[in-house]
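There are 2 protein chains.
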Amino acid sequence: MTHVDGLARCGVLETPHGVVHTPAFMPVGTAGTVKGILHRDLHELGAEIMLANTYHLMLRPGDGRIARAGGLHRFMGWPAPILTDSGGYQVYSLRTRRTIDEDGVDFRSHLDGSRQRLTPERATEIQARLGSDIAMSFDECTPYPVTRDEARRSMELTARWARRSRKRFLALRDSPDPAMVTNPGQLQFGIVQGSTFADLRQESAQKIRDVGFEAYAIGGLSVGETTDELYETAAVTASWLPKDRPRYLMGVGTPANLVEMVARGVDMFDCVLPTRNGRNGQLFTRTGTINVKGARYAEDDRPPDPGCRCYTCRHFSRAYLRHLFVAREMTAATLNSLHNLHFYLDTMKRIGEAIVLGTFETFRQAFQKALSRR
Amino acid sequence: MTHVDGLARCGVLETPHGVVHTPAFMPVGTAGTVKGILHRDLHELGAEIMLANTYHLMLRPGDGRIARAGGLHRFMGWPAPILTDSGGYQVYSLRTRRTIDEDGVDFRSHLDGSRQRLTPERATEIQARLGSDIAMSFDECTPYPVTRDEARRSMELTARWARRSRKRFLALRDSPDPAMVTNPGQLQFGIVQGSTFADLRQESAQKIRDVGFEAYAIGGLSVGETTDELYETAAVTASWLPKDRPRYLMGVGTPANLVEMVARGVDMFDCVLPTRNGRNGQLFTRTGTINVKGARYAEDDRPPDPGCRCYTCRHFSRAYLRHLFVAREMTAATLNSLHNLHFYLDTMKRIGEAIVLGTFETFRQAFQKALSRR
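As you go down the protein sequences, you meet chains A and B in turn.
First residue of the first sequence? That's 1058 in this note's numbering, and the numbers climb one at a time after it.
First residue of the second sequence? That's 1058 in this note's numbering, and the numbers climb one at a time after it.
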């Protein structure tokens, strides 16, 4: 870490395709593209790293095809860092379409119903073929709510899977077969589970640290728990993770969440909110959200977020964005998503600057106060 | 005109929002946005003028609302020239939903079925409120095929409507009411009809010239006639139009069409092909079209059009574009449309350069020969 302010930290993560400055927000490019956004706009917005989903890519176009194209960076035309998840969360979302056993997960593709299988070894191999800069260990995303016994069982399964993921990862690293390993410098992050039980989180953190990864993630949150549970669980988990490695909170969250999580020692985030909500007309602003669908904006010639410097806010009115949305124009989704990604990435930048200046607590209070103004 | 090479011409059209260099291709921004393409990308591609559809905008968001926003340029955030059509062609496309009489057209909105009416006066007023730089006179787009008698009847109706359109236009110009006229420097183009009958085209050109517009358009083509009929009709019509004014062929066409039409004295074009076909996976290249849907491209790591300098071709492979198309990602439409618009606008630029150099005929032959290579 380069700067620390309370529990909030700034750091630099080195990857084979460049550095990532933390705290970092990773736009989600599920199928190898952020929905509605061109790569060059992501670069312009200051995105240093993109997340892509192993589950989606293994099914379509297939990890073999991507490996033959020279790996995910070349296939996508994205030269900067990429993090791939392990597929665990997507498989968890399938619910009725999957069965879990000690060895791994059987599931049916959401695309064609075909039978598929993921194990810690296979999830690791697929990510090796994709050649992402950061691979995630294969975990079971514990559902919420869950009994303590079930949370323990699930957490222990994730720990065993973490060992197997790491073992396979190290084996591939030690004898790199170009047909299997696209990016020899790939890093692998372990994932802590344990639901909202602080002691299970502590135990999980210890087990996953014992396996030994380049860095660690907090999984199993943003699955229905309350905001207080999210904050407390992430905070306690972060406290048990190494101080000198980035901590990645998976799938979180709103702008307010990001600021609170940095305040509790988290460094990396990914979330579909800026793009998904943008497609639904919702814009994040410093004073809360607005939805441009609203009839009240039909003749509102103000920018979505006065004072925002993004392309959308510099050039377009709420009335125009509403018109594009109502007319079902693709550019509605693109302009809304551009603004939202700008807001997220700019928020991370402002957080980072405040940490460097040692004024993070002041920033945090001002940020949260402004959000509640609307 | 600044340069002439055979019948092909280069010129500069001055409008209140800037100059347009001809020959010019106008991307179609039906509802106030080119589908899937941001304005800044259009500027980067070298588009100097956009077309917008009066029919769509009068229904949604409404010309009154756009006028209150300060006109179409301000509403859309597009500071460059805009041409609006008169609504005649869209009403023609409605077929079963409209009835035509001497005074105008009754039709039902495709959006909500509401009863609407367009007359030459009303189409002119709506365009005055929109404040486009170039308004079109209200015409009847003669269907194809049609009997000679029917073509004459329709052509004569269009001539009477042209007189009424111009009369209303001049009245608005002479006593500009800010509530009615958003852009006092607006130009108005007349439209020649006459189906594929050369003598009717000549007669129509004479009638429309007698009305007196800033420039003239060739309407009623690209409605089902053969390519030979298109070329011959446009050529004969162009020959009857003033030499010192741009000639605009409405709704045409393929890249090959554009080159052949410039060779016959046409200066301006609009067409949905680059964007509509882009959304369907079809890419225009110097050696013909390809459709990235094709399974044959699944592992084709070549750019869509080797040698093309557009953003899409410089960064992405056919395999990636196919993947985005198959995955129904919006960026598929955007990247394909970007390439196609680049191809169209670049073709116009190359045509213009050849005319200036006096090598247009050589360019034309090489262009058409390359197209047939695939």
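Where a beta carbon is used, it is the ideal one built from N, C-alpha and C, also for glycine.
What you are looking at is a predicted structure, and each value in this text was computed from that prediction instead of being measured.
(request) Measure the C-alpha to C-alpha separation of A:M1325 and A:R1152 and round it to an integer number of angstroms. (result) On the first sequence, position 268 is the one that residue 1325 of chain A refers to. On the first sequence, position 95 is the one that residue 1152 of chain A refers to. Each residue's alpha carbon lies about 27 Å from the other.
(request) Kindly list, in the order they appear in chain A, the residues whose Cβ is closer than 8 Å to that of B:V1268. (result) Against the second sequence, residue 1268 of chain B aligns to sequence position 211. What B:V1268 touches in chain A: nothing, since even the nearest Cβ is about 34 Å away.
(message) With a threshold of 8 Å between beta carbons, is A:A1384 in contact with chain B?
(response) Taking the first residue of the first sequence as position 1, residue 1384 of chain A is located at position 327. Answer yes: the Cβ-Cβ gap between A:A1384 and chain B drops below 8 Å somewhere.
(message) Quick test of your reading: A:T1215 and A:I1248, contact by CB under 8 Å. State the CB separation rounded to the nearest angstrom.
(response) Taking the first residue of the first sequence as position 1, residue 1215 of chain A is located at position 158. Taking the first residue of the first sequence as position 1, residue 1248 of chain A is located at position 191. About 7 Å; that satisfies the 8 Å criterion.
(request) Look at A:P1361 and A:R1375 and say whether their C-beta atoms are less than 8 Å apart. (result) Residue numbering aside, residue 1361 of chain A sits at position 304 when the first sequence is read from its first letter. Residue numbering aside, residue 1375 of chain A sits at position 318 when the first sequence is read from its first letter. The answer is yes: Cβ separation under 8 Å.
(request) Can you give me the start and stop residues for the beta strand (DSSP E) that A:D1062 sits inside? (result) As a working mapping, residue 1062 of chain A is identified with position 5 in the first sequence. Here the beta strand (DSSP E) through A:D1062 covers 1060 to 1062.
(message) According to DSSP, B:V1069 sits in a beta bridge with which residue or residues?
(response) In the second sequence, counting from the first residue as 1, residue 1069 of chain B sits at position 12. BP columns for B:V1069 point to B:H1078.
(message) Give the list of continuous beta strand (DSSP E) stretches no shorter than 3 residues that lie fully inside the segment 1186 to 1267 of chain A.
(response) Note on the segment 1186 to 1267 of chain A: whole beta strand (DSSP E) runs with a minimum of 3 residues are 1191 to 1193, 1244 to 1249, in chain order.
(request) Measure from the C-beta of A:D1120 to each C-beta in chain B and report whether the shortest distance is under 8 Å. (result) Numbered from its first residue, the first sequence carries residue 1120 of chain A at position 63. By this cut-off, A:D1120 is not an interface position.
(message) Please tell me whether B:I1191 and B:T1072 are closer than 8 Å, where the distance is taken between their beta carbons.
(response) On the second sequence, position 134 is the one that residue 1191 of chain B refers to. On the second sequence, position 15 is the one that residue 1072 of chain B refers to. Taking 8 Å as the Cβ cut-off, B:I1191 and B:T1072 qualify as a contacting pair.
(request) Please confirm if A:D1169 has its CB atom under 8 Å from at least one CB of chain B. (result) By one-based count along the first sequence, residue 1169 of chain A stands at place 112. Cβ-Cβ to chain B under 8 Å: no for A:D1169.
(message) I'd like to know whether the C-beta of A:R1117 is nearer than 8 Å to at least one C-beta of chain B.
(response) On the first sequence, residue 1117 of chain A is found 60 positions in, with the first residue counted as 1. Yes, contact with chain B.
(request) Can you give me the start and stop residues for the beta strand (DSSP E) that B:T1432 sits inside? (result) Outside the displayed span of chain B (1058 to 1431) sits residue 1432 of chain B, for which this structure offers no information.
(message) Let me make sure I understand the geometry here. Which of B:V1293, B:L1129, B:R1220 has the alpha-carbon closest to that of B:S1194?
(response) Here residue 1194 of chain B refers to the residue found at position 137 of the second sequence. Ranking the options by Cα distance to B:S1194, first place goes to B:R1220.
(request) State yes or no: is the beta carbon of B:A1104 nearer than 8 Å to at least one beta carbon in chain A? (result) As a working mapping, residue 1104 of chain B is identified with position 47 in the second sequence. Not one chain A Cβ lies under 8 Å of B:A1104.
(message) Assuming contact is defined by CB atoms lying nearer than 8 Å, are A:L1398 and A:P1312 in contact in what I supplied?
(response) Here residue 1398 of chain A is taken as the residue at index 341 of the first sequence, counted from 1. Here residue 1312 of chain A is taken as the residue at index 255 of the first sequence, counted from 1. Taking 8 Å as the Cβ cut-off, A:L1398 and A:P1312 do not qualify as a contacting pair.
(message) Contact defined as beta carbons within less than 8 Å: I believe B:T1391 pairs with A:L1095. What is the distance between those atoms, to the nearest angstrom?
(response) Here residue 1391 of chain B corresponds to residue number 334 of the second sequence, with the count starting at 1. Here residue 1095 of chain A corresponds to residue number 38 of the first sequence, with the count starting at 1. Indeed, because the Cβ distance is near 7 Å, the residues count as touching under 8 Å.
(message) Any beta carbon of chain B sitting closer than 8 Å to that of A:M1387?
(response) For the purposes of this step, residue 1387 of chain A is taken as residue 330 along the first sequence, with counting starting at 1. Taking Cβ atoms only, chain B reaches closer than 8 Å to A:M1387, which makes this a yes.
(request) Using a Cβ-Cβ cut-off of less than 9 Å, give me the residues of the segment 1345 to 1361 of chain B that come near chain A, in sequence order. (result) A1355, E1356, D1358
(message) When you compare the CB of A:R1442 with every CB in chain B, is at least one pair closer than 8 Å?
(response) Lying outside 1058 to 1431, the shown extent of chain A, residue 1442 of chain A is not represented and no answer is given.
(message) If we define contact as Cβ-Cβ less than 8 Å, is A:K1224 a contact residue for chain B?
(response) Residue numbering aside, residue 1224 of chain A sits at position 167 when the first sequence is read from its first letter. No, no contact with chain B.
(request) Find out if the Cβ-Cβ distance for the pair B:S1143, B:D1196 is shorter than 8 Å. (result) Within the second sequence, numbered from 1, the residue matching residue 1143 of chain B stands at position 86. Within the second sequence, numbered from 1, the residue matching residue 1196 of chain B stands at position 139. Cβ atoms of B:S1143 and B:D1196: closer than 8 Å.
(request) Could you check what DSSP says for A:I1123 in three-state terms: helix, strand or coil? (result) Counting from one through the first sequence, the residue named residue 1123 of chain A turns up at place 66. In the structure shown, A:I1123 sits in a helix (DSSP, three-state: H, G or I).
(request) Using the Cα positions of A:R1117 and A:D1098, report the straight-line distance between them to the nearest angstrom. (result) Position 60 of the first sequence, counting from 1, holds the residue named residue 1117 of chain A. Position 41 of the first sequence, counting from 1, holds the residue named residue 1098 of chain A. Between A:R1117 and A:D1098, the C-alpha separation is close to 24 Å.
(request) Figure out for me which residue from B:R1154, B:A1180, B:A1185, B:M1237 has the closest Cα to the Cα of B:G1170. (result) Numbered from its first residue, the second sequence carries residue 1170 of chain B at position 113. Minimum Cα distance to B:G1170 is reached at B:R1154.
(request) Go through the segment 1086 to 1119 of chain A residue by residue and report every complete run of the beta strand (DSSP E) that reaches 3 residues or more, in order. (result) Given a length threshold of 3 residues, each whole run of the beta strand (DSSP E) inside the segment 1086 to 1119 of chain A is given here in chain order: 1107 to 1109.
(request) Would you be able to state if there are at least three C-beta pairs under 8 Å between the segment 1276 to 1286 of chain B and the segment 1299 to 1315 of chain B? (result) yes
(message) With H, G and I counted as helix, E and B as strand and the rest as coil, what does DSSP make of B:G1269?
(response) If you number the second sequence from 1, residue 1269 of chain B lands on position 212. In this structure, B:G1269 counts as coil in the three-state DSSP scheme.
(request) Would you verify that the beta carbon of A:F1400 is, or is not, closer than 8 Å to some beta carbon of chain B? (result) Within the first sequence, the letter at position 343 stands for residue 1400 of chain A. Chain B, which has no Cβ nearer than 8 Å to the Cβ of A:F1400, makes this no.
(request) Buried or exposed for B:V1413, please, with buried defined as at least 16 other CB atoms from any protein chain shown within 10 angstroms of its CB. (result) Residue 1413 of chain B sits at position 356 when you count from the first residue of the second sequence. Counting Cβ neighbours within 10 Å, B:V1413 comes out exposed, since fewer than 16 surround it.
(request) Determine the contact status of B:L1315 and B:T1404, defining contact as a CB-CB distance below 8 Å. (result) Residue 1315 of chain B sits at position 258 when you count from the first residue of the second sequence. Residue 1404 of chain B sits at position 347 when you count from the first residue of the second sequence. Going by C-beta atoms, B:L1315 is nearer than 8 Å to B:T1404.
(request) Can you say whether B:E1207 is buried or exposed, counting buried as having 16 or more other CB atoms within 10 angstroms of its CB? (result) Start at 1 with the first residue of the second sequence, and residue 1207 of chain B comes out as number 150. Exposed is the call here.
(message) Three Cβ pairs or more, each shorter than 8 Å: is that satisfied between the segment 1263 to 1272 of chain B and the segment 1233 to 1240 of chain B?
(response) no
(request) Assign A:T1290 to one of two classes, buried (16 or more other C-beta atoms within 10 Å of its C-beta) or exposed (fewer than that). (result) Taking the first residue of the first sequence as position 1, residue 1290 of chain A is located at position 233. So A:T1290 counts as buried.
(message) Quick check: is the beta carbon of A:Y1377 nearer than 8 Å to any beta carbon in chain B?
(response) Working through the first sequence from its first residue, we reach residue 1377 of chain A at position 320. It does: the Cβ of A:Y1377 has a partner Cβ on chain B nearer than 8 Å.
(message) Between the alpha carbons of A:G1145 and A:R1179, how many angstroms are there, rounded?
(response) Residue mapping note: residue 1145 of chain A aligns to position 88 of the first sequence, counting from 1. Residue mapping note: residue 1179 of chain A aligns to position 122 of the first sequence, counting from 1. Using only the alpha carbons, I get a separation of about 12 Å.
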